[in-house]
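In what follows, a structure is listed as structure tokens, so that the remarks can point back to it.
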Amino acid sequence: MQDHTQTSRQAAGLKHSVSIWTRNFTLLCLANLTLFISLQMLLPTLPLYLLEIGGSQRDVGYVMGVYTTGAMAMRPFAGWLVDRYGRRKIVVLGLVMLLAVAAFYRLAAGVSLIIFLRCLHGMAFGIVGTAMGTMVVDSLPTSRLGEGMGYFGLTSSLSMALAPLLGFWLVGKSGYPVLFLAVFLLSLLTFCCSLPVRDTNVPVIAPGGSAAGIWASLLEKTALPASWVMFFLAAVYGSVLSFISLYATERGIANIGLFFTAIALTMLVSRPVSGRWTDRGGSNMILLIGHLTILIAMISLSLSRTSTGFLLAGAVLGLGFGACIPTLQALSVRHTPEHRRGAATGTFFIAFDLGIGLGTILWGYVAEATGYQVMYLTTLLPLALAGAIYYRSRDSKKHT
354 MQDHTQTSRQ AAGLKHSVSI WTRNFTLLCL ANLTLFISLQ MLLPTLPLYL
404 LEIGGSQRDV GYVMGVYTTG AMAMRPFAGW LVDRYGRRKI VVLGLVMLLA
454 VAAFYRLAAG VSLIIFLRCL HGMAFGIVGT AMGTMVVDSL PTSRLGEGMG
504 YFGLTSSLSM ALAPLLGFWL VGKSGYPVLF LAVFLLSLLT FCCSLPVRDT
554 NVPVIAPGGS AAGIWASLLE KTALPASWVM FFLAAVYGSV LSFISLYATE
604 RGIANIGLFF TAIALTMLVS RPVSGRWTDR GGSNMILLIG HLTILIAMIS
654 LSLSRTSTGF LLAGAVLGLG FGACIPTLQA LSVRHTPEHR RGAATGTFFI
704 AFDLGIGLGT ILWGYVAEAT GYQVMYLTTL LPLALAGAIY YRSRDSKKHT
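Taking the working numbering, the leading residue of the sequence shown gets 354, the next gets one more, and so forth.
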């Protein structure tokens, strides 16, 4: 009995000793870092640019919403393509499109053109994000999937700490044309980091089927429970990404870029911890803690009137989302067959993008009708729905 226990411990230790920092995983982390810096520099600055060129608060909602809607529209097709033709080819295709769109931002002087470019930018990101996320899953051992996704997510958290401050600094020093040039150059760096990544998964070429069968294959059923929870959490997140800079201006809060830094710094702590805990079977507790911290953060944000209050709310919010996002992403692919990982990744990010996109459009109307304080209190409704859906799906699994 003692020998059996010792053998089990040695096997568990051997699984954990498998390195996640392979060449592919490291390059993908670098590519994700530069990609998200380019994207997140625009999140707090683009709403201000729109108002400067004559747009309204409703226009801000539409411009931010069409980006995520464009990404969402491409996710299922991108997932199907990476499963059929390979991850790397689709990553390169998406990055070429991303570069082309980034090059045109400097020429956009009207709200309508910005809306069009944001839609195309979202579509390109939908392709790149799905293919890159699938390659990350391929490069990680199953026993350390949650931990690996946590570390991969750190790159987007780090970019959140750097990008808003960098974006505001560039606009303040040199104006929006230089900001748009920086977005293009960072997109080029993403392309350069992604090119050397090897495709380790041989695509499964399925025989042609009916149109209904092809459409059904675009989504992965095993990823749906985690994806629904992510949809409602993303709706909450969208209110922060799209309207926090305008809310801060209304409250007289300067340098709101520090708010995103606070989110990012606490995400740097919670992402790897939650990932390791998820790998050890602690996803229920992680998600409960995450939901409660997001609840506290959104209430605090609606009541805050000082820079300190905003920073504290951001720090708590980062803990919550840093716990929930990698945990849900790991749950969405953990029981998925290898040849369906692209579809599972696409399903998860469709929910993420759709939640942000529809949520942002909805919050634009709510903010216009009631103001930002009430809008942030209203985000408690989708947060409650996310919690209810998760615990309902957990209970249903216990009885099947």
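Glycine included, every Cβ here is placed at the ideal spot set by N, Cα and C.
When the Cα atoms are used, what is the spatial distance from residue i to residue j?
i	j	result
Tyr-590	Ser-512	16 Å
Leu-715	Gly-414	8 Å
Ser-580	Leu-681	7 Å
Leu-473	Glu-603	31 Å
Met-450	Ile-642	39 Å
Tyr-600	Ser-509	23 Å
Val-550	Thr-723	48 Å
Ala-697	Leu-611	34 Å
Lys-526	Leu-519	10 Å
Val-622	Thr-689	28 Å
Ala-364	Gly-675	In this prediction, Ala-364 scores a pLDDT of 44, lower than 50, which makes its location untrustworthy; no coordinate-derived value is stated.
Gly-506	Leu-734	26 Å
Ala-741	Ile-616	25 Å
Ser-653	Pro-625	25 Å
Leu-386	Glu-405	29 Å
Ala-587	Thr-398	20 Å
Phe-663	Leu-572	38 Å
Gly-479	Pro-429	9 Å
Lys-442	Thr-487	13 Å
Cys-382	Gly-503	11 Å
Glu-721	Gly-408	14 Å
Gln-410	Ala-666	23 Å
Glu-500	His-644	20 Å
Gly-484	Val-719	One detail in the question is off: residue 484 reads as Ala in this sequence, not Gly. Each residue's alpha carbon lies about 34 Å from the other.
Tyr-744	Met-583	13 Å
Arg-629	Ala-461	44 Å
Ser-636	Ser-627	8 Å
Ala-426	Val-419	10 Å
Asn-377	Leu-707	29 Å
Ile-606	Ser-660	6 Å
Gly-673	Asp-412	29 Å
Arg-437	Arg-693	10 Å
Val-416	Met-476	13 Å
Met-651	Thr-732	7 Å
Leu-736	Thr-421	19 Å
Leu-548	Leu-388	14 Å
Can you tell which of the options has the C-alpha that lies nearest to the C-alpha of residue i?
i	options	result
Cys-546	Val-444, Ser-496 and Leu-571	Val-444
Val-531	Ser-391, Leu-386, Gly-662 and Thr-619	Ser-391
Met-620	Ala-588, Leu-599, Glu-721 and Val-669	Val-669
Ile-609	Leu-618, Ile-597 and Ala-617	Ile-597
Gly-439	Val-454, Pro-400 and Val-481	Val-481
Lys-574	Ala-431, Gly-699 and Lys-442	Gly-699
Leu-656	Gly-463, Phe-544, Ala-683 and Tyr-725	Tyr-725
Gly-447	Ala-461, Leu-460, Gly-432 and Thr-661	Gly-432
Asp-491	Gly-475, Glu-691, Ile-467 and Ala-462	Glu-691
Val-464	Pro-494, Met-427, Thr-422 and Tyr-402	Tyr-402
Phe-585	Ala-704, Leu-684 and Gly-528	Ala-704
Val-593	Gly-710, Val-454 and Leu-541	Gly-710
Leu-498	Ala-737, Phe-702, Thr-732 and Ser-685	Ser-685
Tyr-313	Leu-538, Thr-646, Thr-713 and Thr-543	Outside the displayed range of the chain (354 to 753) lies residue 313, so it cannot be described from this structure.
Trp-374	Leu-396, Arg-471, Leu-493 and Val-435	Leu-493
Gln-393	Ala-535, Ile-639 and Met-638	Ala-535
When every heavy atom of the ligand GTP is checked, does at least one fall within less than 7 Å of the C-beta of residue i?
i	result
Cys-677	In the structure shown, the ligand GTP is absent, as is every other ligand, since no ligand is present at all.
List the endpoints of the continuous alpha helix (DSSP H) containing residue i.
i	result
Val-489	464-492
Asn-637	636-656
Tyr-504	498-527
Thr-731	725-731
Arg-441	440-457
By the three-class DSSP mapping on this structure, what secondary structure does residue i have?
i	result
Arg-551	coil
Ala-564	Since pLDDT at Ala-564 reaches only 46, below the 50 mark, its modelled position is unreliable, and no value is offered.
Pro-690	coil
Glu-603	helix
Ile-714	helix
Leu-532	helix
Thr-661	helix
Leu-738	helix
Ile-709	helix
Ala-720	helix
Ala-617	helix
Arg-633	coil
Ala-697	helix
Leu-434	helix
Ile-609	coil
Tyr-744	helix
Ala-461	coil
Item to check | Segments of 4+ residues assigned as alpha helix (DSSP H) that fall wholly inside the segment 371-428 | outcome: 376-393 and 395-405, all fully within the segment 371-428.
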